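Okay, structure first, notes after.
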Amino acid sequence: MTNDQTYRQTIEELETILRALENDTVDVDDLTARVQRSAELIRLCKQKLRNAEAAIDQVFDTLDEEDDAEPNDPADR
């Protein structure tokens with residue numbers, strides 16, 4: 000599994016595998032490999048989503064910290 004793939008590339012590969020499975024174009028001998036690859040891709044997608052969520056949370060935490068650190072302007076009262 001390569002982490003160099005983008006989320007979009009990973010989803011596209013999953014969709015390709017799904018279409019092949021839906022169209023019965025996957026040979027039985029290849030089925031196990033495709034299912035295993037799908038599981039790897041799903042794990043990669045989950046990891047990328049968790050990483051994105053953590054990065055976004057960090058941005059909002061930083062913004063909140065900046066807001067808390069700013070002195071209150073008497074004109075705002």
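Quick note: the sequence shown uses numbering that gives the first Met the number 0, first residue 0, plus one each step. Every residue, glycine too, gets a C-beta built ideally from N, C-alpha and C. Please read these numbers as outputs of a predicted model, since none were measured by experiment.
Asked	Found
Distance CB(ARG33)-CB(VAL25) smaller than 8 Å	yes
8 Å contact criterion, which CYS44 and THR9 should meet: CB distance rounded	5 Å
Simplified DSSP assignment, three categories, for ASN50	helix
Pairwise C-alpha distance: LEU40 and PRO70	47 Å
Delimiting residues of the alpha helix (DSSP H) encompassing GLN8	6–21
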